[in-house]
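So the structure is just underneath, and the comments pick up after that.
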Amino acid sequence: MTINSMDEKLLLQQIAEGSEKAFAVLVEQKWNNIYWQAITYVKSSSQAQDIVQDVFLKVWQKRKDLPQVERFDSYLFIMARNHIISALRKKTVLPLSDDALEVEEKNYLPDRALSQKTLAELIARAVDLLPQQQRTAYLLSRDQGLSHEEIASNMKVSKEAVKKHICRALNFLRSYISVHSEITTILSMFYIIMS
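Residue numbering for the sequence shown follows UniProt numbering, starting at 1 and increasing by one per position.
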């Protein structure tokens, strides 16, 4: 079941009153949007899932404010963006400015979420096409955040081999995305036009 705007207001009211069933419906409907938004930036499935859980925990904690929210998708998008910025700050040595992911509520469009989801799917397909060693090195680096030394130890290869595997993987991913992004853009535009 999808949520239309009338149902969404009722759902938010029920959540504000403490309905766990209504909250479960909301989570089911909105989970993927936040997940794809998060994974686009953090590049780690487990970290993206943690962000989604944190966002929904915050929604539940602030549930009494939900009936006053005019545009819930934008509200959720901005809340997710703030959690992503926080996760990226923890991951980087240099502080990340709010400008890096700054998106005003008025600038959020549903097709942007679609393009983020499409890009994440495109990357996932490209990763699946990588040779085994390159895929393993790439995933250990991006999904688990391991250093080159840790990856070398894990894969039982030299640090130089790890660098080559990751470099080749990134080059392939860039090429694959550039070739397929035009097709994806056309398909995305078609989807938007037809929906």
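Note that the Cβ used here is the ideal one computed from N, Cα and C, for glycine as well.
Delimiting residues of the alpha helix (DSSP H) encompassing residue i
i, result
"Val42", "20-42"
"residue 223", "Residue 223 lies beyond the range of the chain shown here (1 to 195); nothing can be said about it."
"Leu140", "132-142"
Beta-carbon proximity of residue i to residue j, cut-off 8 Å
i, j, result
"Gln47", "Ala87", "yes"
"Ile34", "Val59", "no"
"Val42", "Ile84", "yes"
"Lys164", "Glu149", "no"
"Gln134", "Ala169", "yes"
"Glu8", "Phe77", "no"
For residue i, three-class secondary structure by DSSP
i, result
"Asp7", "helix"
"Leu122", "helix"
"Leu146", "coil"
"Lys163", "helix"
"Lys90", "helix"
"residue 198", "No answer is possible for residue 198: it lies beyond the span of the chain, which begins at 1 and ends at 195."
"Val69", "coil"
"Pro110", "Note that Pro110 scores 47 on pLDDT, short of 50, meaning its location in the model is unreliable and no value can be drawn from it."
CB contact check: residue i to chain D, cutoff 8 Å
i, result
"Gln49", "This model lacks chain D altogether, as it is built from one protein chain only."
Whole-number beta carbon distance between residue j and residue i, since they are thought to touch under 8 Å
i, j, result
"Ser141", "Ile123", "Their Cβ separation, rounded to whole angstroms, is 14 Å, which puts Ser141 and Ile123 out of contact at 8 Å."
"Ile39", "Ala80", "Not really, about 11 Å apart at Cβ, beyond 8 Å."
"Leu66", "Leu12", "4 Å"
"Ala126", "Phe172", "7 Å"
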